[in-house]
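Chains as they are written, first to last, in the numbering used here: chain A, 2 to 352; chain B, 2 to 352. Ideal placement from N, C-alpha and C gives every residue a C-beta, glycine not left out. All values derive from a computational prediction rather than experimental measurement.
Protein chains: 2
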Amino acid sequence: MTPARERASATHDGDGRLTIREIAAFAGVSTATVSRVINRSGYVSQATRTTVERVVREHGYSANRNARALSAGRTGLVGVTVPLIHPAYFSVIVAGVAEALYEQDMRIVLCSTLHEHDREVSLLERLMHGTTDCALLVLPEESSAELRTLMEHGFRFVVVDPRMRIDERVPTVSAAHSTGANQATAHLLELGHRRIAAITGPAGWMATEERLRGHHAALATAGVLPDPALVVESNFEVEGGRIAAAALLDLAEPPTAIFAFNDQLAIGAMQAALERGLRVPEALSIVGFDDTAEAEIVTPRLTTVHQPLAEIGRMGVSLLTRQLENQRLDAVHVELETKLVVRASTAPPPS
Amino acid sequence: MTPARERASATHDGDGRLTIREIAAFAGVSTATVSRVINRSGYVSQATRTTVERVVREHGYSANRNARALSAGRTGLVGVTVPLIHPAYFSVIVAGVAEALYEQDMRIVLCSTLHEHDREVSLLERLMHGTTDCALLVLPEESSAELRTLMEHGFRFVVVDPRMRIDERVPTVSAAHSTGANQATAHLLELGHRRIAAITGPAGWMATEERLRGHHAALATAGVLPDPALVVESNFEVEGGRIAAAALLDLAEPPTAIFAFNDQLAIGAMQAALERGLRVPEALSIVGFDDTAEAEIVTPRLTTVHQPLAEIGRMGVSLLTRQLENQRLDAVHVELETKLVVRASTAPPPS
DNA sequence: ACAGGATATGTAAACGCTAACCTACAAATA
DNA sequence: TATTTGTAGGTTAGCGTTTACATATCCTGT
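(1) From the beta carbon of residue 295 of chain B, is the nearest beta carbon of chain A less than 8 Å away?
(2) Return the chain-ordered list of same chain residues with a C-beta closer than 8 Å to the C-beta of residue 155 of chain B, the five sequence neighbours on each side being excluded.
(3) I need the boundaries of the beta strand (DSSP E) containing residue 19 of chain A, first residue and last residue.
(4) By Cβ distance, which residues of its chain are closer than 7 Å to residue 35 of chain A, with the 5 residues on each side in sequence left out?
(5) Give me, in chain order, the residues of the same chain whose beta-carbon lies closer than 7 Å to that of residue 255 of chain A; leave out the 5 immediate sequence neighbours on both sides.
(6) Would you tell me roughly how many angstroms separate the C-alpha atoms of residue 174 of chain B and residue 112 of chain A, rounded to the nearest one?
(7) On the DSSP letters alone, give me the boundaries of the beta strand (DSSP E) that residue 169 of chain A sits inside.
(8) Would you list the one or two residues that DSSP bridges to residue 307 of chain A?
(9) By Cβ distance below 7 Å, which residues in the same chain neighbour residue 348 of chain A in space, the five residues on each side in sequence not counted?
(10) For the alpha helix (DSSP H) containing residue 91 of chain B, list its first residue and its last residue.
(11) So does the stretch 231 to 250 of chain B actually touch the stretch 187 to 206 of chain B, counting three or more Cβ pairs closer than 8 Å?
(12) Taking only beta-carbon positions, decide if residue 307 of chain A is within less than 8 Å of chain B.
(13) Taking only beta carbons into account, state which residues of the stretch 321 to 351 of chain A come closer than 8 Å to chain B, listed in chain order.
(14) Less than 8 Å between the C-beta atoms of residue 215 of chain B and residue 290 of chain B, yes or no?
(15) Please determine, among A/312, A/292, A/310, A/223, the residue with the shortest C-alpha to C-alpha distance to residue 343 of chain A.
(16) Please name the residue in B/32, B/198, B/101 whose C-alpha comes closest to that of residue 219 of chain B.
(17) By a C-beta neighbour count over all protein chains shown, 10 Å radius and 16 as the cutoff for buried, is residue 278 of chain A buried or exposed?
(18) So residue 71 of chain A contacts chain B; which residues on that side make the cut at Cβ distance below 7 Å?
(19) What is the DSSP secondary structure of residue 24 of chain A, reduced to helix, strand or coil?
(20) In this structure, does DSSP put residue 133 of chain B in helix, strand or coil?
(21) According to DSSP, is residue 352 of chain B helix, strand or coil?
(22) For residue 261 of chain A, write down the residues that DSSP places opposite it in a beta bridge.
(23) By the 10 Å Cβ neighbour count, where 16 or more other Cβ atoms means buried, how is residue 311 of chain B classified, buried or exposed?
(24) Suppose you measure from the CA of residue 94 of chain B to the CA of residue 75 of chain B; what does that come to, to the nearest Å?
(25) Kindly list, in the order they appear in chain A, the residues whose Cβ is closer than 8 Å to that of residue 112 of chain B.
(26) Rounded to a whole number of angstroms, what is the C-alpha to C-alpha distance between residue 65 of chain A and residue 77 of chain A?
(27) Please tell me whether, using a cut-off of 7 Å, the distance from the CB of residue 165 of chain B to the nearest non-hydrogen atom of the ligand NAD is below it.
(28) From residue 313 of chain A to residue 142 of chain B, what does the alpha carbon distance come to, in whole angstroms?
(29) Could you run through the stretch 73 to 89 of chain A and flag, in chain order, every residue whose CB is less than 9 Å away from some CB of chain B?
(30) Which residues in the same chain as residue 169 of chain A place their Cβ atom closer than 7 Å to its Cβ, once the five residues preceding and following it in sequence are excluded?
(31) In the DSSP output, which residue or residues are listed as bridge partners for residue 173 of chain B?
(32) Check whether the Cβ of residue 60 of chain A lies closer than 8 Å to any Cβ atom in chain B.
(33) Give the secondary structure of residue 346 of chain B by DSSP, where H, G and I count as helix, E and B as strand, and everything else as coil.
(34) What three-state label does DSSP hand residue 220 of chain A in the structure shown?
(35) Note down, in chain order, each residue of its chain lying with its Cβ closer than 6 Å to the Cβ of residue 33 of chain B, except the 5 sequence neighbours on either side.
(36) Please list the terminal residues of the continuous alpha helix (DSSP H) segment that includes residue 63 of chain B.
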């Protein structure tokens, strides 16, 4: 695929890569001019530019990223940390990020933290130490104080889906948790449900608190008194959802609907219902959150709140590049719209 | 334009990063010695090593990767290309790769090719041009000839799950497609099925051909004549599976079991059965392949052939590092074992 | 006719590190 | 004793770019 690259001239190359000097020689200009052409900086006459561009194209030259990084202090690499890679939630965000970065001709250096705080911190240290220009932290483990320290060191980064409430000055992207939750609960209320349980994520997480807020707001609007027994904390995993739902269904006065704070939990809840011979949605309505691919393939198909995950990733990149351009970007906090997707797991309560 | 680079005095800084020279000064040795210590190369006395290591630790120093890359010609970065990031199949492999690379203190530069051949080629060109030391290609788009060209240019890479049969000299990792398929079909035969359909992937793909081979071998062993009408080609996607299964079920003499060549197809087949009011597994048995997370959450839970995807990723890294160490590694072709996981989507045929 | 800005290009000094090459010495060997 | 060998550690030349600075030319307005 590489264009024919036989070297007629004296310059031999061990590895087969042309340098800017060779390109300059071929084009009959200095290396500075070549650099100016490929970086579109400074003054270059149209004629020279054309010549150089032709030579570059003919030889399939592209600058050595490391040399550029060393010299100019930018690498074209963006560090991305995620707790885990394979859950659909994260992989879709990463896909969005990768897509957006590709368009900017940047590359993504991916690291999974496995939810380990120390690992994330050391990772970030290293990433920022020359490997990458900036970073995108998905659901970061760091405390607000740690992030502030990083900022003060001049590290540029954006947080996607902050776990906790963090320093105002850190740009963030997240979904409209509260509104989304409100939509979900409102949907159940509209169907006529009054005993609506919630299976939440870990306490203290923004996603949990905000969704809870939306949930309660919807109940309040409908004049339904919230029952503390109907709110169970869990861990955003299938098994957690199963256990939480089991507990809820064994209540003396069980709920007729469950709002699970993500799809995994919702799927767990469906399993719990199945185990008890309760049909969904006839005997129990279930709503999830996220709208990952799983929501489409379970039976019945899951009603859930759609988060534009890929778009969230792309938006993160957008904030990042804006931050790199305008040295001082006022901290931006973007909240992306969610949308209720009604499928087959919700129905009016049994009469 | 330039990063803050006002290094007035030898001490603290704007940009925060210490150089090897400063560390050398602190430790009272030359930069070469520091380099020898951190790279564990050449002779260094125990005393000196200890001192340097202490200084390094105290200042949290780590070498600028770009400078190292430029000077030593290695980057510690590995390019990884996948067709898409978010399908569970790929993201699990990537997770395995990331994990293994992390242990080697290398980083992963992730690129999705979106199944576009040109994109993959140009990507690879660039990656190999200094950004990364080597690459791991998952289900690559390239032809055998293109890969050979890359090899001849001295690029080091490993192919994970080759799409087509490729040059012998390229190291590859894949699952034991044929054996796995054999297990799946044998399982159905044991249950008593005789009309067993197969929904395959695209013709020409190794995964398709090999699985087909295993499938036919199992049929032959059981003395069942293969019926060409029962083999339908598809595309490894849910919708493709639905359509293919629909066609099969509308046959005059429909199958009593379907072996879908991946879980997505199997899920599509389950949907087709559901649409026709056929109960799985009572009226129709379905077996998948891959054992991605989806297999666990559909109803009924899917019997499928487990591929050790994360392990496949890790093995890819292992081959890669071995290749980097021994300059000339004989082409290795690793085939990882698959395992039939029997769940709830298979049963004896209706009598 | 000329100062001075706009344009165009070259020269060479970093960037931070590695590794080839050197020096120096002590222990082992002839 | 003379010579080799193994250790220890310093010096310094790149690695391939970018970019500050220097230089040269061409306009334009006075």
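According to the structure data:
(1) Interface residue, yes.
(2) So no residue of the chain qualifies.
(3) Taken as a continuous stretch (DSSP letters only), residue 19 of chain A belongs to no beta strand (DSSP E), as it is neither H nor E.
(4) Only 21, 24, 25, 28, 53 meet the Cβ criterion.
(5) Hits under 7 Å: 249.
(6) In a straight line, the C-alpha of residue 174 of chain B is about 23 Å away from that of residue 112 of chain A.
(7) Where residue 169 of chain A is concerned, there is no enclosing beta strand (DSSP E), given that its DSSP letter is neither H nor E.
(8) Listed as beta-bridge partners of residue 307 of chain A by DSSP are A/291, A/340.
(9) Answer for residue 348 of chain A: 192, 282, 283, 286, listed in chain order.
(10) Here the alpha helix (DSSP H) through residue 91 of chain B covers 89 to 104.
(11) Three or more pairs of CB atoms, one per stretch, sit closer than 8 Å, so the stretch 231 to 250 of chain B contacts the stretch 187 to 206 of chain B.
(12) Contact with chain B is absent for residue 307 of chain A, since none of that chain's Cβ atoms lies less than 8 Å from the residue's Cβ.
(13) Flagged: no residues at all.
(14) No, these two residues do not count as a Cβ contact at 8 Å.
(15) Taking only the C-alpha atoms, the option nearest residue 343 of chain A is A/292.
(16) If you compare the alpha carbons of B/32, B/198, B/101 with that of residue 219 of chain B, the shortest gap goes to B/198.
(17) Exposed, because fewer than 16 other Cβ atoms sit within 10 Å of the Cβ of residue 278 of chain A.
(18) Here the neighbours are 67, 68, 71.
(19) Residue state, collapsed to three classes: helix.
(20) The answer is coil: DSSP assigns residue 133 of chain B none of H, G, I, E or B.
(21) Residue state, collapsed to three classes: coil.
(22) Residue 261 of chain A is bridged to A/200.
(23) Taking all protein chains in view, the Cβ of residue 311 of chain B is crowded by 16 or more other Cβ atoms within 10 Å, so the residue is classified as buried.
(24) Cα to Cα, the separation comes out at about 24 Å.
(25) Neighbours of residue 112 of chain B on chain A, chain order: 99, 103, 108, 109.
(26) Cα-Cα distance, rounded: 11 Å.
(27) Of ligands this structure carries none, so the ligand NAD is not represented either.
(28) Approximately 28 Å, taken between the alpha carbons.
(29) In summary, the residues of the stretch 73 to 89 of chain A whose CB is separated from some CB of chain B by less than 9 Å are 73, 74, 75, 76, 77, 78, 80, 81, 85, 86, 87, 88, 89, in the order they occur in the chain.
(30) 332.
(31) Paired residues: B/160, B/334.
(32) No, its Cβ sits nowhere closer than 8 Å to a Cβ of chain B.
(33) Collapsing the DSSP output to three states places residue 346 of chain B in coil.
(34) In the structure shown, residue 220 of chain A sits in a helix (DSSP, three-state: H, G or I).
(35) Contacts found: none.
(36) In the DSSP assignment, residue 63 of chain B falls outside any alpha helix (DSSP H), carrying neither H nor E.
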